[in-house]
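In the UniProt record's numbering, the protein residues as written are 1 to 1260. Built from N, CA and C at the ideal position, the CB exists for glycine as well. Bear in mind that the values here come from a model prediction, so they are computed numbers and not experimental data. What follows is a single structure, written as structure tokens, with notes after it.
Dropping the structure here:
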């Protein structure tokens, strides 16, 4: 992932011959830009093959992430104060000028072309009125020419405006996304401990998207209002006061729409918060999936995430209902406006001419477009944008890490760390560090003390990650840091070690040797080029710790802060690391936190902390003189520690060590991109998830009925004009008393009554259709999420090894958001305009059936145009999804390792890497809207030609068709120019958006764990475990991590498992828990565990895992998520692990990852979980690695007393914890090396176990 972090800092590989090509628009001429000819290259390429990431162009000039992000960041800093509209002001200063310029173009040119159309239509239609003399043949030809020119210019201007706005919006999105990431890099520990990257991911994948529609429609909002007043003037000029009545009916609901818009904003904020929580919970699940499976908490997390999803969708449903309501009000406004206008005009006994009728109809068509689409959608989306701006601004206003001044010219001075009377405490008064004064100088400074005494806090204080409440901290020198919890990012092992430093082969090899990683490289599938998955899921704890250490040592610094890097390694490796680090860093300041008090004798300075206070600071000799009785035993063991010497074997290994190579590019986030059309199964699954075919068909029928009612409203105008034309003849001849006139007058009144009823019926059907439609889509997205999250949680571990959490989170955030909002909105508009289009075709062909021929040809041409576009559009959409994964993964990984990133001064490099990912992703987005806009332009051009053909047909072959019918055909044809391009684009967009459904539903085929098997009552009763020829590998193409393991553990035996880190100890537990498929057989009490239900099996084995995992929630939910135990039982478990004094309430909040507890305290909570279960088999996987010796002793006593009748398997690096075991299992390279009683192994001085005990200092 982070290969490009090394840009300009390492020996780079040669430039690929497949370098990205320049964006075609950057080298196109003016005509190519106006007529979108530059997009033809992309269309050609996309039609011939499925586009891949290598087909993506360079980011267009002026759209690169570094430039835009820096521009907005500077403006953000220049806006003073903590105002709510601070981000808006910064954005306006950065991009407001060009954005408003496009708005003025749309106002002037767009309005002129748009408003002139109904006037020209009226003149042309009046030519067909019988006995008219006002318009000559020459004049109608002149008007027709003007109308054609107007249509062509309007199409050109409209799409140029649309493309221009989309370009500005892309710049804004790039800048805001970059600003969010830059903010994330500077977040303080108080935020990252209480919240997660869930919020940041939601902001980038969802909230930033609010700019797209809102910015596009905002100009249509205010320009539309201006156009309304212009149209009002034209209407008043045509029909007088009746126009004001109709317009009043349109304008009166505007305040209601504004009120609904405010509600949309409020519900958008609520929905966003729920999305944050769901993404956060999903992220927690993904990062701790191994622990979840061993505790069989899948169902708990599944229910928790689904419950959060239900809350999210509830808010989303309300949001969509409000959008539907505001849109329906807009649709009905236009119909009611025309209705009241007609009713008033008739009531005033006015005479209507064809020209007036269709000028009014054309004006109301313009109003209808503004009132039914532009203004309602603009209000809704601007409200959403306002909510998004508030959320983003709140994030940008979060507390940042404090900046500590480092002593100047430290390279010319002797480095030091000086802490004077420093105190660190929380807002609620909890003290972490209390009045500590220490000065660190060159040499090895070892910090030790009980768990929770403030050791890690002291290092974070030196780093500047925490601010002292009082006192002072002065750091003189360049700092390197290895965190207690190893931070590994997705990438190769080599990339994780080199990180932000220049490539130095000699130093790299030396650091690998010091960190004892050589043997691990030999065991890894492809050595140091092995790809590390999320949080090093495919490595042992010891391997992760040493890679984390190697990164800190590789950096050239003056001060090295190493936080507990020896707890997760065996004694021999720990001894190697201690002595080699001491030699390697002898000229620097090394501050090492460790519970390994055996190394006290070889430390230059010793610091002992207790309850946040400094208990001792000085040399080993000084400690001996004042040591208390309980420490003297440990100090005596220190005297027995055998000095370390480099062995011949290690020297030989150095000779065998292969020559290292520069870092190669490794795209760990690359996804498989599907080719061809989206499968019909995706559509079927969506329909089925929404309620089935029956409900879907009912929604369609309701939509057809609604459109039929609304189309009748349009058809009414022609009836009315033709009837008025006949009645005017009677009035002209003064025969109004005739029976025919009376019949016409009666029919007129009946039609007006019927029209009133149909308008009311249209209102009811429109609302019903909207609500039922969004009910269907919300149900579909809810059920799809439920299906997929269940598949993910119950997937086998191989799936998580092969799929990074960034890729999964991308699909469960952005792709799911598209299914939630974008797809329903697109389907809704497609359904609306498609039915409107069909209605228009029926109306036009009813005027003259001959129009059926060009209409069919026209539709066929549009269909083939769509077929040419779809391959390109679909490929680009898939690329857009796949290139988003690195963005999500990068920010997720960044927030997990902020302390390490800042300690390595890698912020700028991380920005550069993020900008690179953003440039690739946004280049795809640029390609997307460029091809989409070009497609729309050509569709509009074809539609314009069709309309011109309709008008010319009436002019060339003038018939006796009633003027009302002529006007109806022409106005309906003009409606096409507004709808056909949108219909075909939305039709194509459906398949493009369905690629997100395709990406999400890919997880539908995940291979789940086999839950078939027996559930044997009372099993296991004894706990006898037998491994027979067991071999295990994590992937089929990887090496075996267990090789032909054979062992027998008798009932109630205590087995100690030891071996070098990466020797296969934890893999034995993986096999026992059936986390991976294995070869051979494992039986417990004679029952082959392959024949037992896997969840039942795991519930019958208690474990304290090596990675203590706590989830955001409470003490109660972390101990007993399934609510199986009483409060008394929970308190008893906490008391037995000595946490009762720390935990004051079972509802005490635990932050994400348990960051408000030390690692040792987290392990104690894990022990409490095991105590609550009454099982006959207990596994301790480095359970006491992060505890001080005193607590370790107490815990071992608890385990010995509580689990005395259990079979206990203890994996340990501290040999004293397993010395009283019945048998010792020594592992190396996945094989059983020794397996016997400890006494028997110690008698044999050639045994591996004896050498390990001797090196550990346990025996002389």
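Next on the checklist: For a test of the three-state rule: what should DSSP assign to residue 1228, helix, strand or coil?
Outcome noted: On the chain shown, residue 1228 is found 1228 positions in, with the first residue counted as 1. Correct three-state label for residue 1228: strand.
Item to check | Touching by the beta-carbon criterion (3+ pairs, under 8 Å), the stretch 298-309 and the stretch 773-790 | outcome: With the rule of 3 Cβ pairs closer than 8 Å, the stretch 298-309 counts as touching the stretch 773-790.
Checklist entry - Does the distance from the C-beta atom of residue 861 to that of residue 942 stay below 9 Å? => result The residue you call residue 861 lines up with position 861 of the chain shown. The residue you call residue 942 lines up with position 942 of the chain shown. At a Cβ-Cβ threshold of 9 Å, residue 861 and residue 942 count as neighbours.
Next on the checklist: Going by beta-carbon coordinates alone, are residue 999 and residue 874 separated by less than 9 Å?
Outcome noted: Position 999 of the chain shown holds residue 999. Position 874 of the chain shown holds residue 874. The Cβ-Cβ distance between residue 999 and residue 874 does not fall below 9 Å.
Item to check | Residue from 483, 1171, 1033, 571 whose Cα sits closest to the Cα of residue 1064 | outcome: On the chain shown, residue 1064 is found 1064 positions in, with the first residue counted as 1. Checking every option, the nearest Cα to that of residue 1064 belongs to 1033.
Checklist entry - When the Cα atoms are used, what is the spatial distance from residue 753 to residue 225? => result Taking the chain shown and counting its residues from 1, one reaches residue 753 at position 753. Taking the chain shown and counting its residues from 1, one reaches residue 225 at position 225. Rounded to the nearest angstrom, the two C-alpha atoms are 31 Å apart.
Next on the checklist: Within a Cβ cutoff of 8 Å, which residues of the same chain sit near residue 917, ignoring the five residues on either side of it in sequence?
Outcome noted: As a position in the chain shown, residue 917 is number 917, starting the count at 1. Within the same chain, 883, 886, 887, 890 come within 8 Å of residue 917 by CB-CB distance, once the 5 residues on both sides are set aside.
Checklist entry - Could you give the C-beta distance for residue 904 and residue 599, rounded to a whole number, given that I count them as a contact under 8 Å? => result In the chain shown, the residue the question calls residue 904 occupies position 904. In the chain shown, the residue the question calls residue 599 occupies position 599. The C-beta distance from residue 904 to residue 599 rounds to 26 Å, too long to fall under 8 Å, and the pair is not in contact.
Checklist entry - CA-CA distance, residue 1111 and residue 463? => result The count along the chain shown starts at 1 and reaches residue 1111 at position 1111. The count along the chain shown starts at 1 and reaches residue 463 at position 463. Spanning the alpha carbons of residue 1111 and residue 463 requires a straight line of approximately 26 Å.
Checklist entry - With a CB to CB cut of under 6 Å and the five nearest residues on each side skipped, what residues in its chain are close to residue 780? => result As a working note, residue 780 is residue 780 in the chain shown. These residues qualify, in order along the chain: 686, 689, 690.
Next on the checklist: Let me check one thing: in DSSP terms, what residues is residue 481 bridge-paired to?
Outcome noted: Here residue 481 refers to the residue found at position 481 of the chain shown. Partner(s): 561.
Item to check | Separation of residue 144 from residue 868, as counted between CA atoms | outcome: For the purposes of this step, residue 868 is taken as the residue at position 868 of the chain shown. For the purposes of this step, residue 144 is taken as the residue at position 144 of the chain shown. If I take the Cα positions, the gap works out to 32 Å.
Next on the checklist: By the DSSP assignment, the beta strand (DSSP E) with residue 122 in it spans what residues?
Outcome noted: Locating residue 122 in the chain shown gives position 122, where the first residue counts as 1. No beta strand (DSSP E) contains residue 122, which is instead part of the alpha helix (DSSP H) from 111-126.
Checklist entry - Who are the near neighbours of residue 986 in its chain, counting only those whose CB is closer than 6 Å to its CB and skipping five residues on each side? => result Indexing the chain shown from 1 puts residue 986 at position 986. 826, 829, 830, listed in sequence order.
Item to check | Three-state secondary structure (DSSP) of residue 615 | outcome: Start at 1 with the first residue of the chain shown, and residue 615 comes out as number 615. In the structure shown, residue 615 adopts extended strand secondary structure according to DSSP, grouped into three states.
Item to check | Any beta strand (DSSP E) of 3 or more consecutive residues that is wholly inside the stretch 453-523 | outcome: Fully contained in the stretch 453-523 are the following beta strand (DSSP E) runs of length 3 or more, in chain order: 470-476, 479-482.
Checklist entry - Would you say residue 294 and residue 1075 are within 9 Å of each other, going by their C-beta atoms? => result Walking along the chain shown from the start, residue 294 turns up at place 294. Walking along the chain shown from the start, residue 1075 turns up at place 1075. Yes, Cβ-Cβ distance for residue 294 and residue 1075 is below 9 Å.
Item to check | Cut-off 7 Å between Cβ atoms - residues of its own chain near residue 148, not counting five sequence neighbours on either side | outcome: Looking up residue 148 in the chain shown gives position 148. Here residue 148 has 948 as same chain residues with Cβ atoms under 7 Å from its own Cβ, once five neighbours each way along the sequence are excluded.
Checklist entry - For the candidate residues 62, 1106, 538, whose alpha-carbon lies nearest to that of residue 801? => result Along the chain shown, read from residue 1 onward, the residue named residue 801 stands at position 801. With distances taken between Cα atoms, residue 801 lies closest to 538.
Checklist entry - In terms of residue numbering, what span does the alpha helix (DSSP H) encompassing residue 73 cover? => result For this step, residue 73 is matched to residue 73 along the chain shown. Here the alpha helix (DSSP H) through residue 73 covers 65-78.
Next on the checklist: Judging by CA-CA distance, which residue of 126, 444, 422, 446 is the nearest neighbour of residue 435?
Outcome noted: Working through the chain shown from its first residue, we reach residue 435 at position 435. Taking only the C-alpha atoms, the option nearest residue 435 is 422.
Next on the checklist: Going by beta-carbon coordinates alone, are residue 984 and residue 866 separated by less than 9 Å?
Outcome noted: Walking along the chain shown from the start, residue 984 turns up at place 984. Walking along the chain shown from the start, residue 866 turns up at place 866. Cβ atoms of residue 984 and residue 866: closer than 9 Å.
Checklist entry - Is the beta carbon of residue 1073 sitting closer than 9 Å to the one on residue 1101? => result Along the chain shown, one-based indexing puts residue 1073 at 1073. Along the chain shown, one-based indexing puts residue 1101 at 1101. Closer than 9 Å, so yes.
Checklist entry - Between the Cα of residue 166 and the Cα atoms of 216, 157, 127, 175, which residue gives the shortest distance? => result Reading the chain shown from its first residue, position 166 is the one you call residue 166. Comparing alpha-carbon positions, the option among 216, 157, 127, 175 lying closest to residue 166 turns out to be 216.
Checklist entry - Beta carbon of residue 1211, beta carbon of residue 1069: below 9 Å? => result Against the chain shown, residue 1211 aligns to sequence position 1211. Against the chain shown, residue 1069 aligns to sequence position 1069. Their beta carbons are under 9 Å apart, which means residue 1211 touches residue 1069 by this criterion.
Checklist entry - For residue 94 versus residue 120, is the C-beta distance shorter than 9 Å? => result On the chain shown, position 94 is the one that residue 94 refers to. On the chain shown, position 120 is the one that residue 120 refers to. No, they are not a contact pair.
Checklist entry - Are residue 1150 and residue 1118 closer than 9 Å when you measure CB to CB? => result Translated into the one-based positions of the chain shown, residue 1150 becomes position 1150. Translated into the one-based positions of the chain shown, residue 1118 becomes position 1118. Inclusion of residue 1150 and residue 1118 in the CB contact set at 9 Å is warranted, their separation being smaller than that value.
Checklist entry - Does the distance from the C-beta atom of residue 709 to that of residue 765 stay below 9 Å? => result Here residue 709 is taken as the residue at index 709 of the chain shown, counted from 1. Here residue 765 is taken as the residue at index 765 of the chain shown, counted from 1. Taking C-beta atoms as the reference points, residue 709 and residue 765 count as a pair closer than 9 Å.
Checklist entry - Considering only the beta carbon of each residue, do residue 297 and residue 179 sit closer than 9 Å? => result Taking the chain shown and counting its residues from 1, one reaches residue 297 at position 297. Taking the chain shown and counting its residues from 1, one reaches residue 179 at position 179. Contact annotation: residue 297 and residue 179 have beta-carbon atoms that are not nearer than 9 Å.
Checklist entry - CB residue 872 to CB residue 51, shorter than 9 Å? => result Along the chain shown, one-based indexing puts residue 872 at 872. Along the chain shown, one-based indexing puts residue 51 at 51. Cβ distance < 9 Å, so residue 872 and residue 51 count as in contact.
Item to check | Cα-Cα separation, residue 554 to residue 497 | outcome: If you number the chain shown from 1, residue 554 lands on position 554. If you number the chain shown from 1, residue 497 lands on position 497. Whole-angstrom Cα-Cα distance: 7 Å.
Next on the checklist: Distance check for residue 164 and residue 301, CA to CA, integer angstroms please.
Outcome noted: Position 301 of the chain shown holds residue 301. Position 164 of the chain shown holds residue 164. Straight-line Cα distance between these residues: approximately 46 Å.
Checklist entry - With respect to the alpha helix (DSSP H) encompassing residue 781, which residues constitute its N-terminal and C-terminal limits? => result To locate residue 781, count along the chain shown from 1; it is residue 781. 739-793 is the span of the alpha helix (DSSP H), which, as asked, contains residue 781.
Checklist entry - For residue 558 versus residue 900, is the C-beta distance shorter than 9 Å? => result Your numbering for residue 558 matches position 558 in the chain shown. Your numbering for residue 900 matches position 900 in the chain shown. Against a cut-off of 9 Å, the Cβ pair of residue 900 and residue 558 comes out as no contact.
Checklist entry - Based on the DSSP output, what are the partners of residue 1079 in its beta bridges? => result One-based indexing of the chain shown puts residue 1079 at position 1079. Partner(s): 1031.
Checklist entry - Is the beta carbon of residue 438 sitting closer than 9 Å to the one on residue 468? => result Within the chain shown, numbered from 1, the residue matching residue 438 stands at position 438. Within the chain shown, numbered from 1, the residue matching residue 468 stands at position 468. Not closer than 9 Å, so no.
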